[in-house]
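Chemist: What follows is a single structure, and I will ask about it in a moment.
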Amino acid sequence: MSMTHQILAHTASQVSALAALAQTGAAEPTSPTFWMPVGASTISQGVDHTLDVINWICYVFFALVVGLMVWFVAKYRHRTGDKFRTDYPSHNTPLEITWSVIPTIIVIGIFVVGFRSYLDIYTAPKNAFDIKVTAQKWAWSFQYPNGAVSDDLYVPAGRPVRLILRSSDVLHSLYIPDFRVKRDIVPGRYTYAWFQCDFPTGQPGKTPRDPNAKTVSGPEDAAQAHRLFCTEYCGTGHSKMNRYVYVLDEASFGQWMIDQSQWMDKIPEEELYFKAGPKIFARCQQCHSIDGAVGIGPSWKGIVDRVKAYPFVGDGKEYGTWEDYVRTSILIPGKYVVPTYGNVMPSFKGQLNDKAIDAVLGYMQQLEKFDPKTGKLKAEFDPATGMKK
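Taking our numbering, the leading residue of the sequence shown gets 6, the next gets one more, and so forth.
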């Protein structure tokens, strides 16, 4: 069986599983409050309930303590002519028991309420759909069971999703506010997070996002998608790790996985640089520019000629051509570190195949055709042929 047929068969089985296991009773989203955004996952209500309990306890005791304090200050304030001085009490057993027992009961109550949500949050259901997540400076990579890879997170509606989290460099932390999900990602260790959203979101036609939308119509729209953040400071490009989460119905998600795993296979070699190149460059744009601007990494502008004559330390160049240099830098980024730049680039081994690297090489040779700000083909070039209109 060919690789393509294997992918199609695997994806078809996943779609069937999604249809069979999707829950019939969808959890309705909760409206945003002063403290929390819209609650879009099945665990949102439990988390929000725990927060409400703690908040109301704080409100009551804040009012009680401040009210008593103001009352005592007013009642027992110093008055002219007062000469009475009370003895300093050493202790008061009834009071000490009262202010020890009551807080203990309250804390135990908070623990019981919170522990129920804690168990729900940390225990993924057995039928969860697994997605591998790699955090790196400064991007996310989401890998699906059929081999598809994306920069934004796509998940099926109505089924629990488990994220298998790992870091390729430093500490990161994945946070999806609408789902009430946050989990630290530690180098050299796997961590897990799970959630379930029962209604599709991230579709066009409703701006701002309507959390009650239950239909899917067309490609994703970032204005309606859920936000995903890295909440562990991971370096100068930390803020560039903001991404989106799209929740698709079962049929749309299954089709998306097929398209995402095969999109580059359908592009002829001569069209790779302008059809696949901009999409791949979007993953590199956090660190590299194409107009000569200094960034976290060296600019791609002029890289073809620059690399041919670049004076690396050592007994001559280890690479044969500029293509070899770029390929090695993508797969083993620490081997050739450009002077004045740090060794901070993560490896893209396993994320970019040979065809993707060829697209990058072609893109670098044709940079004059692309907009420096967006990285996309300029308006004067035909998006179908890459030639001037």
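Think of the CB as a built atom: it goes at the ideal place given N, C-alpha and C, for glycine as much as any other residue.
When the Cα of residue 288 is compared with those of 175, 40, 192 and 142, which residue comes out closest?
Modeler: Comparing alpha-carbon positions, the option among 175, 40, 192 and 142 lying closest to residue 288 turns out to be 142.
Chemist: Looking only at DSSP bridge pairs, what is residue 140 linked to?
Modeler: 145 and 172
Chemist: For residue 246, count neighbouring Cβ atoms within 10 angstroms of its own Cβ and tell me buried if that reaches 16, exposed if not.
Modeler: buried
Chemist: Going by C-alpha to C-alpha distance, which of 311, 354, 262 and 386 sits closest to residue 150?
Modeler: 262
Chemist: Take the Cβ of residue 251 as the centre, count every other Cβ of all protein chains shown within 10 Å, and call the residue buried at 16 or more, exposed below.
Modeler: buried
Chemist: Tell me, please, which residues DSSP counts as bridged to residue 155.
Modeler: 147
Chemist: Within the segment 273-322, note down every full beta strand (DSSP E) run reaching 3 residues or more, in order along the chain.
Modeler: none
Chemist: In this structure, what does DSSP give as the bridge partners for residue 249?
Modeler: 232
Chemist: Let me know the secondary structure DSSP gives residue 333 once reduced to three states.
Modeler: helix
Chemist: Apart from the five residues on each side of it in sequence, which residues of its chain come closer than 6 Å, Cβ to Cβ, to residue 126?
Modeler: For residue 126, where only same-chain residues beyond five positions count, the Cβ hits under 6 Å are 48.
Chemist: Using a Cβ-Cβ cut-off of 8 Å (strictly less than) and excluding sequence neighbours within five positions of residue 297, which residues of its own chain qualify?
Modeler: 304, 306 and 307
Chemist: For the beta strand (DSSP E) containing residue 2, list its first residue and its last residue.
Modeler: Since the displayed the chain opens at 6 and closes at 394, residue 2 lies outside it and no answer follows.
Chemist: With distances taken from CA atoms, which of 182, 169 and 181 is nearest residue 191?
Modeler: 169
Chemist: Is the beta carbon of residue 367 sitting closer than 9 Å to the one on residue 259?
Modeler: no
Chemist: I need the straight-line Cα distance from residue 279 to residue 376, nearest angstrom please.
Modeler: 12 Å
Chemist: Would you decide whether residue 235 is buried or exposed? Buried here means 16 or more other CB atoms lie within 10 Å of its CB.
Modeler: buried
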